[in-house]
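Reviewing the structure listed below.
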Amino acid sequence: MGFFNFGKNKDIKETNHTSWESCHKAQPNMYEKDGKRYMFFTLKEGVDTVLCLQPAEVYSVDKPEEVEYRLLLLSTTEDTLIGNLPFYKSVRFLKDYVVEDKFPLVLLRGLTLEDMKIFVQNMEVALQEEQTIREICEQTDELLQAETIAPETVEAVFHSRHVKTYTFEQVYFPSGTLMAADPICELQSMYVPVIKETIPSGYYPITIGILDSELVGIRMTGMRLKVTEEEALSYQAATMYKAKDKKEFRAAFPVDAGMSTFCDKEAAESYWKVLYAWYKEHPNGNWYNDYLADLFKESAEAYPDLQREGGDFIRFKIPESNNEIVMVATGFGDGIYQVFWGVDKNGKRCELVTLFVDPRKA
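Under my numbering, think of the first position of the sequence shown as 6, with each following residue one higher.
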């Protein structure tokens, strides 16, 4: 099996050469600049070339981890360098010019001047997208570590460009004692922390933000439990404690299975009973794979424009009870997610939020 998973590319014309031996072999060249070492390979306009796709593994150099690998595109028509590109990031764009693959070597047909210019344009777009994704991740990391959040940040998480919302109406909170946790890994323990501040027993909407971006695809951006209709003018960290020792701490919950929930403590207790009974009947089973996965797939089929193929959210009706748990995927997956109370103009708590992704650069 070759690097591109084919022997010969049927979508392009055969090279005029009848054998690899008669083609140009792109040889490694080394130079040093400003204390940095570079190994580069050159593709010349119109020249069929044999190129090694894994130079770091094939060519022996001292301290290869300190070498930067580059791919040069040289035009003979314009007698100029068309592109000086990062080698390994260029590889996926080379597949359109591969005649035959004998990994780690490939035989490339000669690129025309137009091919080279398109190649460089595609690379520039890809590198810009990569930089933007990196900035989104860095901005999200800052968001997750922030000790305070501003109202405009919360507004952006739920109402930015490319962000839609979906609301689970009338979610039941029978006791008003709240829990924020990973429902797949953490909520299974009766020792999971609870939120100190409570709400009146009743039914409340839970809204999720949903980013749909060409760069990162569909990602859940945040989750908001609306307690009153008042607008939040500021946010303060919620407080959690463990039932075992009552020791209080800043509200944040670990996620190990890429899922989150705001739920009532009574719902969690009903959930524990269901899990205990299920694992007793299926001692070697997997709760998510064998039970929940089908529910997430059904949700994805019902709302295909709002979630990924495997499903990103469900409203789980707990068997043999009146309780329910909303389960929502956490943006880029596992991590530590903080919980904040939104406070209105009268100093009253009006909403509970947790933020997954900062979508402003997406």
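Glycine is no exception: its CB is placed at the ideal position from the N, C-alpha and C atoms.
Taking the beta strand (DSSP E) that residue i falls in, what are its first and last residues?
| i | result |
| --- | --- |
| Cys268 | 264-269 |
| Tyr177 | 168-178 |
| Pro105 | The amino acid occupying residue 105 in the given sequence is Glu; Pro does not appear at that position. Run containing Glu105: 103-107, per the beta strand (DSSP E) assignment. |
| Arg75 | 72-80 |
| Trp346 | 345-348 |
| Asp317 | Here Asp317 belongs to no beta strand (DSSP E), and DSSP marks it neither H nor E. |
| Gly181 | It is not in any beta strand (DSSP E) - Gly181 carries neither H nor E in the DSSP assignment. |
| Pro259 | 257-260 |
| Gln241 | 239-242 |
| Glu37 | 34-38 |
| Ile213 | 207-218 |
| Arg42 | 41-49 |
| Leu311 | Per DSSP, Leu311 belongs to no beta strand (DSSP E) and is neither H nor E. |
| Ala31 | Premise fails: Ala31 is in no beta strand (DSSP E) and is neither H nor E. |
| Arg354 | 354-360 |
| Gly330 | Note that residue 330 corresponds to Ile in the displayed sequence, not to Gly. Per DSSP, Ile330 belongs to the beta strand (DSSP E) from 329-334. |
| Thr54 | 54-57 |
| Val111 | 110-113 |
Going by CA-CA distance only, name the one from the options that's closest to residue i.
| i | options | result |
| --- | --- | --- |
| Glu50 | Pro33, Glu73, Met44, Ser80 | Ser80 |
| Gly336 | Met35, Asp187, Tyr177 | Asp187 |
| Asp39 | Tyr240, Leu58, Val72, Glu140 | Val72 |
| Ala243 | Asp250, Lys251, Ala257, Glu219 | Ala257 |
| Leu132 | Leu90, Leu113, Asp146 | Leu90 |
| Gly207 | Ser180, Ile138, Leu220 | Ser180 |
| Phe361 | Phe321, Cys142, Ser95 | Cys142 |
| Val197 | Ala262, Ser27, Val130, Trp277 | Trp277 |
| Asp310 | Ile223, Trp283, Ala262, Leu297 | Ile223 |
| Gly338 | Asp317, Gly352, Glu325 | Asp317 |
| Asn294 | Met245, His29, Gly315 | Gly315 |
| Arg42 | Thr54, Val63, Trp25, Glu70 | Glu70 |
| Lys251 | Val199, Gly263, Met264, Ser275 | Val199 |
| Ser24 | Glu37, Tyr36, Asp53, Leu48 | Asp53 |
| Arg114 | Leu58, Asn127, Leu99 | Leu99 |
| Glu165 | Trp283, Ala262, Asp217 | Looking at the sequence itself, residue 165 is Ser, so the reference to Glu does not match. Checked all of Trp283, Ala262, Asp217; the closest Cα to Ser165 is Asp217. |
| Thr153 | Lys285, Arg255, Pro109, Arg229 | Arg255 |
| Phe2 | Ala305, Tyr296, Glu62, Glu129 | Residue 2 lies beyond the residue range present for the chain, which begins at 6 and ends at 367; the question has no answer from this structure. |
| Glu321 | Ala334, Phe301, Arg313 | According to the sequence as given, residue 321 is Phe; it is not Glu. When only C-alpha atoms are compared, the closest one is Phe301. |
Just checking my contact of residue i with residue j at CB under 8 Å: how many whole Å lie between their CB atoms?
| i | j | result |
| --- | --- | --- |
| Ile319 | Ala272 | So it is not a contact: roughly 14 Å between Cβ atoms. |
| Leu238 | Lys68 | Not really, about 56 Å apart at Cβ, beyond 8 Å. |
| Thr226 | Ile215 | 7 Å |
| Met184 | Lys270 | 6 Å |
| Tyr177 | Asn327 | 7 Å |
| Leu56 | Phe46 | 6 Å |
| His167 | Pro364 | 7 Å |
| Thr182 | Thr203 | 5 Å |
| Cys28 | Leu116 | Between Leu116 and Cys28 the Cβ distance is about 14 Å, and since that is not below 8 Å, they are no contact. |
When we look at the beta-carbon of residue i and count the other beta-carbons within 10 Å, is it buried (16 or more) or exposed?
| i | result |
| --- | --- |
| Arg75 | buried |
| Ala161 | buried |
| Pro60 | buried |
| Asn34 | exposed |
| Leu148 | buried |
| Thr85 | exposed |
| Glu191 | buried |
| Ile323 | buried |
| Lys15 | Low confidence applies here, because Lys15 scores a pLDDT of 40, under 50, leaving its location unreliable and the question unanswered by this model. |
| Ile341 | exposed |
| Ala31 | buried |
| Thr172 | exposed |
| Gly347 | buried |
| Arg97 | exposed |
| Phe345 | buried |
| Gln3 | Since the first residue of the chain shown is 6 and the last is 367, residue 3 is not available in this structure. |
| Tyr240 | buried |
| Gln150 | exposed |
| Glu19 | Bear in mind that a pLDDT of 45 at Glu19, under 50, signals an unreliable position, so the model cannot answer this. |
| Gly352 | exposed |
| Asn21 | Note that Asn21 has pLDDT 47, beneath the 50 cutoff, so the model's placement of it is unreliable and the number below is only indicative. Label assigned to Asn21: exposed. |
| Phe102 | A quick correction: the sequence has Tyr, not Phe, at residue 102. By the 10 Å Cβ count, Tyr102 comes out buried. |
| Asp299 | exposed |
| Ala307 | exposed |
Output the boundary residues of the alpha helix (DSSP H) element that contains residue i.
| i | result |
| --- | --- |
| Lys302 | 298-307 |
| Pro156 | 156-164 |
| Val96 | 92-99 |
| Asn294 | Where Asn294 is concerned, there is no enclosing alpha helix (DSSP H), given that its DSSP letter is neither H nor E. |
| Val130 | 118-150 |
| Val232 | That residue, Val232, is in no alpha helix (DSSP H); it is neither H nor E in DSSP. |
| Pro60 | 60-63 |
Less than 7 Å between CB atoms is the rule here; does residue i satisfy it with respect to chain B?
| i | result |
| --- | --- |
| Asp261 | Of the chains in the structure shown, none is chain B; there is only one protein chain. |
**Report entry** the stretch 355-362 / the stretch 230-250 touching (three or more Cβ pairs under 8 Å)
**Finding:** yes
Query raised in the report: Between the stretch 117-136 and the stretch 150-165, do three or more beta carbon pairs fall short of 8 Å?
Result: Flag = no, the stretch 117-136 and the stretch 150-165 do not touch.
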